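**Q** The opening residue of the sequence shown carries number 1 in the UniProt record's numbering; numbering runs sequentially from there. Mind having a look at this structure? Questions to follow.
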Amino acid sequence: MIPFLILGLLKEEAGSYGYELLTYMRERHFDYVIHYTKGSFYYNLQQLEAKALLEQLPAATPGTKETRYQLTAAGETEFRRLFQKYGRVNDTTAMAFYAVLLFADQAPDLMPALLDFQIAATKKKIRLTEESLQTTPDLPNNYSRILANTVEHHRVNLQWFQQLQQTYR
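Below, the structure is given as C-alpha cells:
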C-alpha cells in the first residue's frame with residue numbers, strides 16, 4: 001500500500017522531494033488509513049526508484065542534496081495497476097480486539113479493564129479524527145469523507161464496547 005500512496009502523491013505533486021511527500025502524508029492524516037513509518041516510507045521510495053517506477057529530477061538549485069522525483073511511464077502503469085488492485089479489495093475488519101472477543105468467555109475477569117481501554121482509545125480516535133477534519137478543511141479528493149466515515153465507524157464501535165462493558169460488570 002505504501003508504494004501506491006507514494007505513486008499517487010507523485011501524480012498529484014510531481015517534482016516533490018521525499019520529505020515533502022512524507023509531509024503530505026502526515027498533513028493529510030494518511031496514518032488514519034495505513035500504518036507507516038518514516039523508515040518504511042523511505043525504503044519504499046528507494047524500491048520504487050530501483051524498479052524504475054520513478055526517477056530523480058535535476059536539483060532545482062545546483063549543489064543541493066535534495067532529490068526531487070517524478071513518475072516514469074512504468075510508474076504510471078504501476079499506479080493504475082495498484083489502483084485497480086486496491087480498489088477491488090474488500091477487507092474484513094482487522095482489529096485485534098475482535099479476536100480477543102472471540103474468547104471473551106474464557107477470561108471474563110480480564111474483560112472490564114480491556115473494554116475500559118478500548119473505550120478510552122476509541123474516544124481518543126474520534127476526538128483526533130474530528131480535530132483533523134476541523135483543522136484541515138482542504139483535504140484532497142475524498143479524504144474528508146473517508147475521515148468522516150472513520151468517525152462513524154468508531155462511534156459504532158464505541159457504542160458496542162459500552163454495551164459489552166455492561167455485560168462484564
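Even for Gly, the Cβ is constructed at its ideal location relative to N, Cα and C. Only a predicted model underlies this, so the values are computations on that prediction, with no experimental measurement involved.
(1) For a test of the three-state rule: what should DSSP assign to Glu66, helix, strand or coil?
(2) According to DSSP, which residues form a beta bridge with Glu55?
(3) Using a threshold of 7 Å, state whether the C-beta atoms of Phe41 and Leu53 are closer than that.
(4) From which residue to which residue does the alpha helix (DSSP H) around Thr129 run?
(5) Can you grab the Cα-Cα spacing for the pair residue 193 / Arg127, in whole Å?
(6) If you compare alpha carbons, which of Gly39, Leu48, Tyr36 and Gln84 is closest to Leu7?
(7) Among Pro3, Trp160 and Tyr32, which one has its Cα closest to the Cα of Leu101?
(8) Considering only residues of the same chain and omitting the five flanking positions on each side of His154, which have a CB-CB separation below 8 Å?
(9) Classify His29: buried if its beta carbon has 16 or more other beta carbons within 10 angstroms, exposed otherwise.
(10) Write down the C-beta distance between Tyr168 and Leu115 rounded to the nearest angstrom, noting that I regard them as a contact closer than 8 Å.
(11) Out of curiosity, what's the CA-to-CA distance linking Ala50 and Thr61?
(12) Mind reading off the beta-carbon distance from residue 214 to Leu9? Whole number of angstroms is fine, and I expect it under 8 Å.
(13) Who are the near neighbours of Leu139 in its chain, counting only those whose CB is closer than 7 Å to its CB and skipping five residues on each side?
**A** Reading from the atomic positions:
(1) Here residue 66 is taken as the residue at index 66 of the sequence shown, counted from 1. DSSP, reduced to helix, strand and coil, places Glu66 outside both helices and strands of the structure shown, so it counts as coil.
(2) If you number the sequence shown from 1, residue 55 lands on position 55. DSSP, once it has assigned bridges, lists Gln70 as partnering Glu55.
(3) Here the question's residue 41 lines up with position 41 in the sequence shown. Here the question's residue 53 lines up with position 53 in the sequence shown. Note that the C-beta distance between Phe41 and Leu53 is not below 7 Å.
(4) The residue labelled residue 129 in the question sits at position 129 within the sequence shown. If you look at Thr129, you'll find it in the alpha helix (DSSP H) that goes Met111 to Thr135.
(5) Residue numbering for the chain in the displayed model covers 1 to 169; residue 193 lies beyond these limits and cannot be assessed.
(6) Counting from one through the sequence shown, the residue named residue 7 turns up at place 7. Distance check between Leu7 and each of Gly39, Leu48, Tyr36 and Gln84 places Leu48 closest, using alpha-carbon atoms only.
(7) For the purposes of this step, residue 101 is identified with residue 101 of the sequence shown, where counting begins at 1. For the residues Pro3, Trp160 and Tyr32, the minimum Cα distance to Leu101 belongs to Trp160.
(8) Position 154 of the sequence shown, counted from the first residue, corresponds to residue 154. Once the five neighbours on either side are set aside, the close Cβ partners of His154 are Thr122, Lys125, Ile126 and Thr129.
(9) As a first step, residue 29 must be located in the sequence shown, where it is residue number 29. In summary, His29 is buried, with 16 or more beta-carbon neighbours lying within 10 Å of its beta-carbon over all protein chains present.
(10) The residue you call residue 168 lines up with position 168 of the sequence shown. The residue you call residue 115 lines up with position 115 of the sequence shown. The Cβ separation is near 6 Å, so the contact holds.
(11) Sequence index remark: in the sequence shown, residue 50 carries index 50 (1-based). Sequence index remark: in the sequence shown, residue 61 carries index 61 (1-based). Rounded to the nearest angstrom, the two C-alpha atoms are 24 Å apart.
(12) A question about residue 214 goes unanswered here, because the residues of the chain that appear run from 1 up to 169.
(13) Locating residue 139 in the sequence shown gives position 139, counting from the first residue. Cβ neighbours of Leu139 within its own chain (closer than 7 Å, five residues either side excluded): Arg28.
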